[in-house]
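Structure first, then comments.
Residue numbers (the working numbering): 174 to 781.
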């Protein structure tokens, strides 16, 4: 009988085992082929980072201490009594000491710098590098991160390396999520057994047995299907990853992949972005309670959201701190100090969704012109813009209040408005508002709404007059009398002054400063409507303008952006510079891909 069993096993079972192991081996090879290209290459689409302009200031420049402090607050610097670490600042009666962060600017790398800024009255008296005691002529802070251009998958992340991460954060992650991470092979049978017993004892799932490697596999490669086949696949892929890659590579990938929260319609992934989203600072500047908060949230980012459930999140944070203390990762004094600190999170400005939509609309339009491949936006580019966030916010407040007051005074319920602010010399746009409610997305009135420009055309009219000094000067007398014209179809055109009055004669200067209509029409007709059209083109109006007498009263439909371009040339002493929001683009490796051309052209006579 035994001989028959042995014979059967030899003839049937062993071939079956060999065939089974061959299939498993083939499946492992197949899984390895799936893992390697993705894990070794670009694992994620990384949104482009969009920055505001960097604040640069020089000795003797008039800029208040409050403006500098406001900028440091915006950038997430911590105010301390004494400055010891990067990202901190201290305020004296007439000085500010700041430990500036390192940053890769469009024009090169700037290392971290410990400096003192001193004021005399409202001007900067000196800037001193405290490490070398050398005087500096100017200083530049890193720009504020405005937003990130997230792709259609609605996932956002900011890639980091292990060098960026405080070692204690990694220790906390391992102690809480997978304490045997550095000793197991990607799967931990003992942890699975412990979790199984705990769940049976509790009658429900209270503990998981997945390792960090398994969690990474699930997030990177697998669906959320709950089945034994998926769990087997997960375990095999975890074993492959653990065998092929170092523990450091695995934990770095985990720290970049893990889901940590929701920012409007966008999922926040990775500790790098999570540090900015919750605490408004880089991950290497997090203190111990903040690190513990991030690690504690991983059990359930929605349930332990510090912005929605601070008490619950603080309890979870304190549990993480206790685990570190009991494992001798921190001493008792550090532990007690940490648990006694209140839970602090960013006020909400950091990476808030939908900020300044009109400005960002113009940024997107410019990017579509300079980046031929739209997919390149998801490769981690750095986009530097001309946005002055303080000017933007002041303009938003001013426009909203002005529209509100006008609507009340004139009993209008649907009054609208738009605004464009630009730098006269550079042509850089500092702020754009596209709606009376500034955060409204959709139709951008600053760029796309066309309205008659009215008296805004008059400087162009008088420029044409004054450049011919033999006929017109500021003191020249201009008729302020009725004008009646007929077109070829016999249609009469009889312009009037706003007050319906006729003054007989006025000086050219008075006609301009008082914005009288009839003298402007007289001068436009005298100097030539075609010449007026040509001057508007020289000022920057880059579309056809009808050569009709009515344009002397601004019968031209332009956008706020176009009018701003026209007046930029006038204000810049006749030097035309194209308005723009994007100043430079860097690659993920901080190589310059594109920079705004410093093009300028003397379009109209400076003396006039």
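C-beta atoms are modelled at their ideal positions from N, C-alpha and C, and glycine is treated no differently.
Residue i and residue j closer than 8 Å at C-beta
i           : j           : result
residue 519 : residue 427 : no
residue 600 : residue 219 : no
residue 693 : residue 634 : yes
residue 256 : residue 300 : no
residue 603 : residue 560 : yes
residue 330 : residue 442 : yes
residue 711 : residue 776 : yes
residue 557 : residue 279 : yes
residue 715 : residue 691 : no
residue 249 : residue 453 : yes
residue 508 : residue 494 : yes
residue 216 : residue 393 : yes
residue 680 : residue 643 : no
residue 783 : residue 636 : A question about residue 783 goes unanswered here, because the residues of the chain that appear run from 174 up to 781.
residue 225 : residue 362 : no
residue 749 : residue 713 : yes
Inter-residue spacing [alpha-carbon to alpha-carbon] between residue i and residue j
i           : j           : result
residue 682 : residue 562 : 37 Å
residue 429 : residue 444 : 6 Å
residue 140 : residue 592 : Summary: the structure shown does not reach residue 140, with the chain confined to residues 174 through 781, and so no result is reported for it.
residue 141 : residue 269 : Past the boundaries of the shown model lies residue 141; the chain is included only from 174 to 781, so the question cannot be answered.
residue 659 : residue 613 : 45 Å
residue 782 : residue 611 : The chain is shown only over 174 to 781; residue 782 falls outside these bounds and no answer can be derived.
residue 258 : residue 457 : 11 Å
residue 319 : residue 569 : 16 Å
residue 709 : residue 292 : 45 Å
residue 230 : residue 665 : 58 Å
residue 760 : residue 455 : 20 Å
residue 506 : residue 491 : 14 Å
residue 585 : residue 576 : 10 Å
residue 744 : residue 624 : 22 Å
residue 296 : residue 275 : 26 Å
residue 379 : residue 328 : A caution first: residue 379 carries a pLDDT of 48, below 50, which makes its placement in the model unreliable, though a value can still be read off. Spanning the two alpha carbons is a distance of roughly 29 Å.
residue 439 : residue 415 : 31 Å
residue 567 : residue 242 : 17 Å
residue 333 : residue 425 : 8 Å
residue 461 : residue 511 : 7 Å
residue 764 : residue 631 : 46 Å
residue 360 : residue 384 : 6 Å
residue 621 : residue 312 : 38 Å
residue 769 : residue 227 : 16 Å
residue 555 : residue 223 : 6 Å
residue 338 : residue 503 : 17 Å
residue 565 : residue 485 : 37 Å
residue 698 : residue 244 : 51 Å
residue 778 : residue 272 : 47 Å
Cutoff 8 Å: residue i Cβ touching any chain D Cβ
i           : result
residue 718 : Included in the structure is just one protein chain, with no chain D present.
Strand pairing of residue i, partner residues [DSSP]
i           : result
residue 730 : 625
residue 276 : 283
residue 666 : 658
residue 307 : 302
residue 328 : 440
residue 618 : Answer is none; residue 618 lacks a bridge partner.
residue 355 : In DSSP, residue 355 forms no bridge with anything.
residue 222 : 321, 555
residue 230 : 312
residue 651 : 679
residue 604 : 594
residue 264 : 269
residue 290 : 269, 300
residue 434 : 441
residue 251 : 261
residue 784 : Since the first residue shown for the chain is 174 and the last is 781, residue 784 is missing from the structure and cannot be characterised.
residue 235 : 296
residue 775 : 748
Any non-hydrogen atom of the ligand HEM within 7 Å of residue i CB
i           : result
residue 217 : Looking for the ligand HEM in the displayed structure turns up nothing, as the structure carries no ligands at all.
Three or more C-beta pairs under 8 Å: does that hold for the stretch 718-727 against the stretch 699-708?
Because the criterion of three Cβ pairs below 8 Å is met, the stretch 718-727 and the stretch 699-708 touch.
What ranges does the beta strand (DSSP E) occupy inside the stretch 437-497, keeping only unbroken runs of at least 3 residues that lie completely in it?
For the stretch 437-497, the continuous beta strand (DSSP E) assignments of 3+ residues that do not extend past its boundaries occur at 439-442, in sequence order.
Contact the stretch 337-350 vs the stretch 462-470: 3+ CB pairs below 8 Å
At 8 Å Cβ cutoff, the stretches touch.
Counting pairs of beta carbons, one from the stretch 398-413 and one from the stretch 265-285, are three or more of them closer than 8 Å?
Contact between the stretch 398-413 and the stretch 265-285 is absent: fewer than 3 CB-CB pairs across the two stretches fall below 8 Å.
The stretch 745-756 contacting the stretch 534-547, beta-carbon criterion three pairs below 8 Å:
Cβ pair count under 8 Å is three or more, so yes.
Ranges of the alpha helix (DSSP H) found wholly within the stretch 558-592, counting only runs of at least 4:
Taken in chain order, the unbroken stretches of alpha helix (DSSP H) that lie wholly in the stretch 558-592 and span 4 residues or more are 562-583.
Inside the stretch 699-767 only - alpha helix (DSSP H) runs reaching at least 4 residues:
The qualifying runs are 702-712, 733-744.
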